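In full-length UniProt numbering, the protein residues as written are 1 to 221.
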């Protein structure tokens with residue numbers, strides 16, 4: 001009979017097997033810890049100021065003209081868009097210009113994404129109007145001060161969440177919830193802005209039914 005090679009498998013205790021299965025998390029943590037310790041001073045600055053990294057590799061002759069044209073196009077589109085979003089939030093249109101141009105320059109220093117659009121959006125403007133509408137009238141100076149305070153509070157919260165790398169929390173929000181909220185907000189925004197081409201005032205509300213009733217009742221007058 002031909003000789004067969006016998007492979008001897010050493011016996012492993014269950015506790016050692018379970019400990020070895022938990023080693024990947026410990027090894028990943030140790031790798032992250034060693035990576036943080038190996039960062040130089042310049043790399044630490046690039047971690048908090050990503051603009052330092054892309055400025056060193058920026059090809060001025062190839063990208064400057066294209067980026068300049070893109071910036072002019074974005075600026076032209078941003079002016080009426082930001083002013084309309086400010087009106088949607090119940091603020092003076094000048095605050096829409098502030099919120100449209102200032103974040104772009106700030107994000108160019110602290111941001112790292114080339115595809116992310118920065119500036120006021122309709123959903124946030126609608127939420128600001130809903131939150132502050134029950135506290136103060138949009139014509140009062142207190143309304144503007146509360147809007148600035150609200151923006152400061154949200155900015156601090158987002159900075160803390162960004163430093164703690166809590167972006168993974170969005171995974172717990174279902175896609176259907178986000179789609180439903182976006183669709184309902186679009187309908188509310190369209191109905192609330194109907195007063196500008198209908199020619200009469202519509203009640204300010206974040207609900208669809210009161211807006212529809214206000215449009216119908218205003219048409220009968």
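Glycine included, each C-beta is placed from N, C-alpha and C at the ideal position.
If you're wondering where the values come from, they're calculated on a predicted model, not measured in any experiment.
CA nearest to the CA of residue i, picked from the options
i	options	result
residue 209	189, 198, 200, 199	189
residue 120	53, 173, 219, 151	151
residue 139	169, 91, 149	91
residue 101	76, 114, 53	76
residue 114	179, 70, 177	70
residue 108	66, 53, 168, 141	53
residue 81	122, 44, 67, 66	122
residue 165	34, 47, 37	47
residue 217	207, 205, 206, 200	200
Cβ-based burial, residue i [other Cβ within 10 Å; buried from 16]
i	result
residue 202	buried
residue 143	buried
residue 83	buried
residue 42	exposed
residue 211	buried
residue 186	exposed
residue 184	exposed
residue 30	exposed
residue 162	exposed
residue 39	exposed
residue 219	exposed
residue 99	buried
residue 78	buried
Supposed contact pair residue j and residue i - C-beta distance, whole angstroms, cut 8 Å
i	j	result
residue 116	residue 132	Actually they are not in contact, since the Cβ atoms of residue 116 and residue 132 sit about 27 Å apart, beyond 8 Å.
residue 104	residue 118	5 Å
residue 49	residue 110	7 Å
Same chain only: Cβ atoms within 6 Å of residue i, ignoring 5 sequence neighbours per side
i	result
residue 89	125, 128, 129
residue 21	Confidence is the limiting factor: at residue 21 the pLDDT is only 47, short of 50, which leaves the residue's position unreliable and the question unanswerable from this model.
residue 86	93, 95, 96
Own chain partners of residue i with C-beta closer than 8 Å, once the 5 adjacent residues on each side are dropped
i	result
residue 215	191, 194, 198, 202
residue 182	123
Inset, instruction - Could you tell me which uninterrupted alpha helix (DSSP H) segments, each at least 4 residues in length, are contained entirely in the UniProt domain "SLC26A/SulP transporter" (64 to 220), listed from first to last along the chain? - result: Within the UniProt domain "SLC26A/SulP transporter" (64 to 220), the complete alpha helix (DSSP H) runs of at least 4 residues are 93 to 110, 122 to 133, 141 to 163, 175 to 192, 195 to 198, 208 to 219.
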